[in-house]
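Novice: Numbering-wise, my numbering comes out as the position in the sequence shown, counting from 1, plus 122.
Yeah, the Cβ is synthetic: ideal placement off N, Cα and C, and Gly gets one too.
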Amino acid sequence: ICMSSNKAAVQGSDHKRIPDDVATNPIIIGHEFCGVILEVGQKWKKQFQPGMKFTIQPALNLKENPYAAPGYSFQKIGGSATHIIIPNEVMEQECLLEYKGDAYFYGSLAEPMSCIVGAFHANYHTQGGSYVHQMGIREGGKMAILAGVGPMGLGAIDYAIHANKKPSLLVVTDIDEDRLARAASIYTIEEARKNGIELIYLNTSSIENPIDTLLAPTDNKGYDDVFVFAPVKQVVEQGDSILGMDGCLNFFAGPTNPAFSAELNFYNVHYNATHIVGTSGGNTDDLIESLIMMAEGELNPASMITHIGGLDSVVETTMNLPQIPGGKKLIYTNISMELTAISEFRERGEKDPMMAKLADIVEANNGIWNLEAETYLMENAKSI
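Encoded structure:
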C-alpha cells in the first residue's frame, strides 16, 4: 500500500484514473502486487500456465483511456483481493509479466522500482550545438536526491548505486535524523565507494544555509541531476537552486493538490539550460529491468517495507496512511493480520509466538523483511 492508493481512495471519482461511476461500480484498489496464476483461458494458454508467478505493469497506456490502470480503474483486478480476473486490456498490452523470483514481496515491489528506473531514464541532457537530447542521468555526474529517505527515496539510492549508469557524487537529504540513519545503515558510504560513488547523507533541518552546504561538494558548480521526492514548494525550489549547467530537475513526488506550484529560475533556464521533467510511473521495459536486477541480486527494495498486515487491515491502512509513519505497508492478502511495524515484532512477540519468531528472523537480517520471514508468515498466520 502506498500514497497513490490513499490518494485514489480519498479522491474517488475526482481522481484521473478512477471511473466516474465508482460509487455504484466499485473498483479494486492496489496496483503494486504479485501472485500466482490459477487458471488460463484458451486464448493465452501458450504463453501462460497455471502455477506461474506474475506481476502487473499497471501503466497500460490504452489509446481509448490513457489513465486506465489496474488498482484504479477495474472492478475485477487490483491488489487488495484474494482472487482476481485479469482483463483482456492487460493481456493485449503485454502488461502481465511472469515473475521468476522466490519471494512474492519482491514481485510486488517491482512496480514501484520501475517508477524509479523510469525516472532515471526520463532525465535528459543536452550538448552545445545539438538539439538531440541525451536520455538518462549524466554518467559520472553529480546527483542529489532531496527528501530522499522515504520508501521510494531508498529505492532511488539503491538504483543510483547499482545501475549501469552511475553518478560520481550522490547527496541524499532529509529532515528526519532517524530515517537518515536507517538509510545510511542500509546503503552505506562504503558500499557506494565500492561502486565508484561518493555518498553523502545530509540533514537539511539543522543547517543554516542548506543551499550553500549542498553546493559545496560540487565546488559550487551545481548538480547535473536533482530528484525531488516530496511535493513541497520549498524542496522543489531548493532543487532548482542547486542545478548546474544543463542540470535536470526531476519532480518525482506526486502532489495531491491540483494547484501545486513552485517558483523556477527562468534566468537559469535561458542561460544555463536548466530544465525540468516529471514522471509518474515506469513502462514495461522499466519493470523488466527492475525484475532482472532484483533476480540478479543487484537491487534489494526490501528496505522500503516497514509494516506487514493481512487483507483485513487494508481499508484502515489505506485511509489512514498519511498518519502512519515509515515506508511501504506490505499486505499478504490471504491472511488475517493487524498492520504491524516490523520494529514492533519483538514487543508483540511477548504475547504472540509467531511475532517472536518473525522478530528473530528479521533481526538476523538487519531488521529487513526477507524470504524466510515471508515463508514463515504464510505458513503460520491465520488464513482469511
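Provide the residue span of the beta strand (DSSP E) that contains L219, from first to last.
Specialist: L218 to E220
Novice: Locate the alpha helix (DSSP H) running through F373, then write down its first and last residues.
Specialist: From DSSP, F373 is part of no alpha helix (DSSP H) but of the beta strand (DSSP E) over L365 to F373.
Novice: Specify, as a first and last residue, the run of the beta strand (DSSP E) that Y345 falls within.
Specialist: Y345 to V350
Novice: Taking the continuous beta strand (DSSP E) assigned at M459, which residues delimit it?
Specialist: Unbroken run through M459: none, as it is neither H nor E.
Novice: Quick one: Cα of A266 to Cα of L337, how far?
Specialist: 10 Å
Novice: Pick helix, strand or coil for N325, following the three-state DSSP scheme.
Specialist: strand
Novice: Less than 8 Å between the beta carbons of V399 and A244, yes or no?
Specialist: yes
Novice: Could you check the C-alpha separation between I151 and H137 for me, to the nearest Å?
Specialist: 13 Å
Novice: Report the residue from K287, G277 and S135 whose alpha carbon sits nearest the alpha carbon of C237.
Specialist: G277
Novice: From A190 to A181, what does the alpha carbon distance come to, in whole angstroms?
Specialist: 8 Å
Novice: Just the Cα atoms here: how many angstroms apart are F155 and H429?
Specialist: 16 Å
Novice: Leaving aside the five residues before and after S458 along the sequence, list all residues of the same chain whose C-beta is less than 6 Å from its C-beta, in chain order.
Specialist: G432, D434, K504 and I506
Novice: Cβ atoms of G240 and D408: under 8 Å apart, would you say?
Specialist: yes
Novice: Skipping 5 residues on each side, what residues in its chain have a beta carbon closer than 8 Å to that of D280?
Specialist: Y309, L421, N422, P423 and S425
Novice: Which term fits K450, buried or exposed, when burial requires 16 or more other beta carbons within 10 angstroms of its beta carbon?
Specialist: buried
Novice: Work out the CA separation of E469 and A418 for me, nearest whole Å.
Specialist: Going by the sequence as given, residue 418 is Glu instead of Ala. So the alpha carbons of these two residues sit roughly 35 Å apart.
Novice: Could you tell me which uninterrupted alpha helix (DSSP H) segments, each at least 4 residues in length, are contained entirely in the stretch 400-440, listed from first to last along the chain?
Specialist: 406-417
Novice: Give every residue of the same chain whose Cβ lies closer than 6 Å to the Cβ of L231, excluding the five residues on either side of it in the sequence, and list them in chain order.
Specialist: P423
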